[in-house]
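Presented below is the structure to which this report refers.
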Amino acid sequence: MNTAEFILDKVAPVFNKKGYIGTSLADITTATGLTKGAIYCNFHNKEDLALKAFELNVKIALLPLFKLIANTVGSIAKLHVVTNYQRSYYGLVKDRGGCPMLRVGVDTSYNNPLLFKAAQDLSQQMMKGLITIIEEGIQNKEIRADIDTPSYAKTILSIIEGSSLLAFTHYDQSYISSAMDFIDEMIIDKIKL
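Structure follows, in structure tokens:
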């Protein structure tokens, strides 16, 4: 592991827990045990470090889901992979400060356009992924053709992110479990053929 990777490994959870504004240089040097010079020898500035930390947090939190989806056959099965993954998501990210997309999206919407854009891009990528899964399901005769695909994708993503917010606000994973049960029973079952 090189120095930049070491720094990211130590500060990514700090940025996710404290936010961009809330994370100070003292937090960064304390987490790494390195000097300011060593930090900024590896990153251009705090914004660069925060962006790379966000990317690492996303990789840890969501890359396993993307791999599971890619290795699953069938749209209904892929949608169930999403809800099943979310059921374990709280445990996966709770010690890292919660959902990175949600944290960065809220924390930076008015004060860091670069980081906010990264969260926005991730959200759009997730929307496109859900739309693709549903559209493939329609083409493969797994999902009803008469549904409004973007509306269903937005609803699914909104329920996922909303349940994540509530779970981390109340320190209670059951918000996510209940929401995933709702998606399974009231959305997926409703749209499948």
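Position one of the sequence shown corresponds to residue 1 (my numbering), numbered consecutively onward. Glycine included, every Cβ here is placed at the ideal spot set by N, Cα and C.
Here the C-alpha atom of Leu68 lies approximately 11 Å from the C-alpha atom of Leu79. Looking at the DSSP output, Ile147 bridges to nothing.
By the 16-neighbour rule on beta-carbons within 10 angstroms, Ser158 is exposed. Where Val93 is concerned, the enclosing alpha helix (DSSP H) starts and stops at Ser75 to Val93. For the pair Leu92 and Ala61, the CB atoms are nearer than the 8 Å cut-off. Judged by DSSP secondary structure, Phe6 falls within the alpha helix (DSSP H) whose first and last residues are Thr3 to Gly22. The continuous alpha helix (DSSP H) containing Gln124 extends over residues Pro113 to Gln139.
Considering only Asp181, Ile176 and Val106, the residue with the shortest C-alpha distance to Ile21 is Val106. Taking 8 Å as the cut-off, the beta carbon of Leu65 is found closer than this to the beta carbon of Val82.
Taking C-beta atoms under 8 Å as the contact rule, Ala12 and Ala53 qualify, at a distance of about 4 Å. Between Leu56 and Leu8, the alpha-carbon positions lie close to 7 Å from each other. DSSP places Phe43 in no alpha helix (DSSP H); its state is neither H nor E. Counting every other CB atom within 10 Å of its CB across the protein chains shown gives Glu185 a total below 16, marking it as exposed. Put simply, of Asp95, Asp181 and Asp189 the residue whose alpha carbon is nearest the alpha carbon of Phe168 is Asp95. Taking a 10 Å sphere around the C-beta of Cys99, we find 16 or more other C-beta atoms and assign the residue as buried.
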